[in-house]
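Written out below as structure tokens is the structure these notes cover.
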Amino acid sequence: MSTDTQMNGGQTTASEVAVLELKGLCKSFGGLQATRDVTLRIMAGDRKAIIGPNGAGKTTLFNLITGIYPVTSGQVLLFGQDVTSWPSHRRTALGMARTFQVTSLFPRLTVLNNVLLAIKGLRPSKFVMWRFLSSYKEVYDKAHHLLEQVGFLDRKDTEVRNLSHGEQRQLEIVLGLASDPKILLLDEPAAGLSSGESTEMTEFLMKLDPKLAILLIEHDMDVVFDVADEISVLHFGEVLETGAPEAIKKSKRVQEIYLGTD
Amino acid sequence: MSARNLAIALAFLALVTLPFWMPGIYYINVGSQILFYAIFALGLNVLVGYAGLVSLGHAGLFGVAAYATGYMLQLGYGHTEAILVALVIGVASMALYAVLSLRSTGIGFIMITLALGEILWGLAYRWISLTGGDNGINVPTRPAPFGYSLTVPTTFYYVTLIIFVASVVLSAVFVNSPFGASLMGTRDQPRRMNALGYHVWMIRFYACLFSGLLTALSGILFVYYTQFISPQTLSLTSSAEVLLMVISGGPGTLLGPIVGAGLVVVVKNVVSGFIERWNFLLGAIFVAIVILMPEGLVPGTARLWRLAFRKRAKPVKTETPS
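In order, the protein sequence lines correspond to chains F and V. Just add 501 to the spot in the first sequence (first one is 1) and you have the numbering used here. Just add 65 to the spot in the second sequence (first one is 1) and you have the numbering used here.
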């Protein structure tokens, strides 16, 4: 793996290698072009957001980046390495994590067990059939540490289905963090949250490790403008405009897309 | 909880002492049948209950292991070789099943396993040079490990009991292992498991192999019990029967399939002696289970028990503060 990184990262110096790079990414579902020539570079510590109206192709783009859908053309590079044809779980092993727009937790497990399962995902011992899950102290300690960091320790023995929706959305991100990702893809973390809860979510996101790169899809503009340094506007699968939050806020074209002209 | 453990301890005690209080050899044999069908149901439960994959072709695998044992013995090999080869062939058949059927989940998985089961049934019926066709294969002798001949029903019962207990322990460890947790994760949130770095297909494949091992074990016990194997064992009815054992007892629990196996075997063998239309009775019982305890007998009983217990506990609590 390390030799591959060196080979592909040959053009740039190691420190400049983008965590995630999309080159001319296209995806068609039959006649529908869901993603058109999307090019994007995300460096370590970047906070980028993708906004766009419903059906703009935001989630499709995420599914291409994470390898759920095969791309029609273009490339996905992770740490300079071409992962376009890799399955999802291998991309995760390289340091990519994602959350889901529809909460995808394990509702009947406790908070702690959700995190244990998430941490196990990248360890070879996940295939062990002859030992109890609870007997892995190091994994347990890590889960404990992670829950402490994000302030969930007091609720670790609560079954996830008994958490509030806002807490579940936060736990969704905690599970993403369990694999120690270098880049975290957040698919509408504030989906369905009340305004108070989405303020909490914003604070929660701001507290995350500054070295972690984050790519965010969001409808809640308050969250986007607070968290992101740079925003790309997606419309009919195409990146229409990229810029700082202030510039995007003032952009005529963006206002047109969201408010409509006629 | 303690009520559960007490019930398990009592049931275990009853199983160990069964030959002493059962009125006759016939009933000891019914006990053996319950035990090896329970192993079969435990094997299917790995897929139905823990992986969320419903198979309607497991009787085919059960039959393959049984036929392999019978055929090896017919070729003149000893019991040890026959059993080992049957285990390998059983698990290998399951691997083939898995490769073909794990391309899909849900209805797709059911239909592919159903088709594979029917293919095996067809082979057993038509590949006469190998299987003897309609006449099946006779297994004239039972093995005699350490000098204890399994021809004696009580000995056969105890050997089955030992294998049964080992299977239950194996299943319990399997379910509580990291792998068991990942398997249940792929059942509930395959997308999330994939994003967490789990190879969902591989986890399901390994689960299939474990299911195949238990199925093959029960198939071998079956063929030594009946000392005969015919295509009927591989029929869709048999697959449905073991699926009903799992579903009626409680899929995704360890005790459920065992209770379900007990229910089906008792109705089929014992009650059928008194009621001619026992199939009708079995159907009525299943309908009742689905209506009253849709989660299965074991979780359903546990739920009713908790309900009854809480009702009794509450008045006591309200009395203490006053």
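Every residue gets a Cβ at the ideal spot worked out from N, C-alpha and C, and that includes glycine.
If distances are taken between C-alpha atoms only, which option among the options comes closest to residue i?
{"i": "V/E183", "options": "V/L301, V/F211, V/L319", "result": "V/L301"}
{"i": "V/P208", "options": "V/V217, V/L75, V/N200", "result": "V/V217"}
{"i": "F/N555", "options": "F/P746, F/S696, F/A692", "result": "F/A692"}
{"i": "V/L121", "options": "V/H144, V/T225, V/L308, V/L83", "result": "V/L308"}
{"i": "V/P210", "options": "V/G135, V/M87, V/T145", "result": "V/T145"}
{"i": "V/V234", "options": "F/A748, F/A550, F/E757, F/W631", "result": "F/W631"}
{"i": "V/F275", "options": "V/F85, V/A79, V/F77, V/N110", "result": "V/N110"}
{"i": "V/S236", "options": "V/G321, V/I90, V/L362", "result": "V/G321"}
{"i": "V/G327", "options": "V/L357, V/T318, V/L195, V/V311", "result": "V/V311"}
{"i": "F/F563", "options": "F/G581, F/E522, F/L533, F/I749", "result": "F/E522"}
{"i": "V/I172", "options": "V/V164, V/L118, V/R375", "result": "V/L118"}
{"i": "F/D681", "options": "F/V640, F/G568, F/A519, F/V724", "result": "F/V640"}
{"i": "V/G315", "options": "V/W343, V/L357, V/I294", "result": "V/L357"}
{"i": "V/Q292", "options": "V/A124, V/T82, V/Y136", "result": "V/Y136"}
{"i": "F/Q454", "options": "F/V572, F/L579, F/E701", "result": "This structure does not reach residue 454 of chain F, given that chain F is present from 502 up to 763, and the question cannot be answered."}
{"i": "F/V520", "options": "F/A748, F/L686, F/T573, F/E747", "result": "F/L686"}
{"i": "F/T449", "options": "F/I552, F/F726, F/V728, F/L610", "result": "This structure does not reach residue 449 of chain F, given that chain F is present from 502 up to 763, and the question cannot be answered."}
{"i": "V/F270", "options": "V/S169, V/L149, V/I90", "result": "V/S169"}
Rounded to whole angstroms, what's the CA-CA distance from residue i to residue j? Just pull it up for me.
{"i": "V/A157", "j": "V/M267", "result": "16 Å"}
{"i": "F/Q512", "j": "F/T540", "result": "Annotation note: pLDDT 46 at F/Q512 (below 50); position unreliable, coordinate value reported separately. F/Q512 and F/T540: Cα-Cα distance of roughly 18 Å."}
{"i": "F/T561", "j": "V/I99", "result": "51 Å"}
{"i": "F/K753", "j": "F/E742", "result": "11 Å"}
{"i": "V/I340", "j": "V/A130", "result": "33 Å"}
{"i": "F/P588", "j": "V/C273", "result": "22 Å"}
{"i": "F/K751", "j": "V/G245", "result": "53 Å"}
{"i": "F/M508", "j": "V/G114", "result": "Because F/M508 carries a pLDDT of 44, less than 50, the predicted location of this residue cannot be relied on, and the following value inherits that uncertainty. Spanning the two alpha carbons is a distance of roughly 47 Å."}
{"i": "F/A644", "j": "V/L279", "result": "34 Å"}
{"i": "V/F101", "j": "F/E704", "result": "58 Å"}
{"i": "F/D547", "j": "V/M258", "result": "26 Å"}
{"i": "F/T514", "j": "F/T593", "result": "Annotation note: pLDDT 48 at F/T514 (below 50); position unreliable, no value reported."}
{"i": "F/N663", "j": "F/N615", "result": "13 Å"}
{"i": "F/Q582", "j": "F/R591", "result": "12 Å"}
{"i": "V/L226", "j": "V/A79", "result": "12 Å"}
{"i": "V/P359", "j": "V/L319", "result": "17 Å"}
{"i": "V/I193", "j": "V/S232", "result": "33 Å"}
{"i": "V/G96", "j": "F/H666", "result": "50 Å"}
{"i": "V/L140", "j": "V/L152", "result": "17 Å"}
{"i": "V/L299", "j": "V/S313", "result": "21 Å"}
{"i": "V/A68", "j": "V/L372", "result": "14 Å"}
{"i": "F/A545", "j": "F/T585", "result": "20 Å"}
{"i": "F/T506", "j": "F/E517", "result": "Reliability of the predicted coordinates at F/T506 is poor, the pLDDT of 42 falling under 50, and no value is obtained from them."}
{"i": "V/L83", "j": "V/A76", "result": "10 Å"}
{"i": "V/L282", "j": "V/M176", "result": "25 Å"}
{"i": "F/G744", "j": "F/G531", "result": "32 Å"}
{"i": "V/L161", "j": "V/P88", "result": "44 Å"}
{"i": "F/Y570", "j": "V/A116", "result": "24 Å"}
{"i": "F/L623", "j": "F/F633", "result": "18 Å"}
Does the Cβ-Cβ distance between residue i and residue j come in under 8 Å?
{"i": "V/S247", "j": "F/K712", "result": "no"}
{"i": "V/Y290", "j": "V/F221", "result": "yes"}
{"i": "V/A106", "j": "V/G338", "result": "no"}
{"i": "V/V224", "j": "V/L138", "result": "no"}
{"i": "V/F229", "j": "V/A103", "result": "yes"}
{"i": "F/L717", "j": "F/A550", "result": "yes"}
{"i": "F/F719", "j": "F/E689", "result": "Looking at the sequence itself, residue 719 of chain F is Glu, so the reference to Phe does not match. Contact: yes."}
{"i": "V/A180", "j": "V/I154", "result": "no"}
{"i": "F/R599", "j": "V/A260", "result": "yes"}
{"i": "V/L188", "j": "V/M159", "result": "no"}
{"i": "F/V612", "j": "F/V651", "result": "no"}
{"i": "F/M627", "j": "V/Y263", "result": "A small fix is needed here, since residue 627 of chain F is Lys in this sequence, not Met. Contact flag set, yes."}
{"i": "F/Q576", "j": "F/K524", "result": "yes"}
{"i": "F/V629", "j": "V/S242", "result": "yes"}
{"i": "F/M597", "j": "F/I684", "result": "yes"}
{"i": "F/D721", "j": "F/S699", "result": "yes"}
{"i": "V/T206", "j": "V/I93", "result": "no"}
{"i": "V/G128", "j": "V/L71", "result": "no"}
{"i": "F/L526", "j": "F/L565", "result": "yes"}
{"i": "V/I294", "j": "V/G201", "result": "yes"}
Strictly under 8 Å for the Cβ-Cβ distance: is residue i near chain B by that measure?
{"i": "F/H666", "result": "Looking for chain B here will not work: the only protein chains present are F and V."}
Inspect the CB distances between the segment 601-621 of chain F and the segment 242-257 of chain V and report whether three or more fall short of 8 Å. yes
Quick check on the DSSP output: what are the complete beta strand (DSSP E) runs of length 3 or more inside the segment 682-706 of chain F, in order along the chain? 684-688
Check whether the segment 328-336 of chain V touches the segment 345-362 of chain V, taking contact to mean three or more Cβ pairs, one atom from each stretch, closer than 8 Å. yes
In chain order, which continuous runs of the beta strand (DSSP E) of length 3 or greater are located wholly inside the segment 303-371 of chain V? none
If we count Cβ pairs, one from each stretch, closer than 8 Å, do we get three or more for the segment 724-742 of chain F versus the segment 524-540 of chain F? yes
Which full runs of the alpha helix (DSSP H) of 4+ residues lie inside the segment 106-173 of chain V, going along the chain? 123-139, 144-166
Taking contact to mean at least 3 C-beta pairs separated by less than 8 Å, is the segment 639-654 of chain F in contact with the segment 281-298 of chain V? no
What residue ranges within the segment 536-583 of chain F form continuous alpha helix (DSSP H) runs of no fewer than 4 residues, ordered along the chain? 559-567
Whole runs of the alpha helix (DSSP H) within the segment 234-272 of chain V, excluding any shorter than 4 residues: 243-253, 255-260
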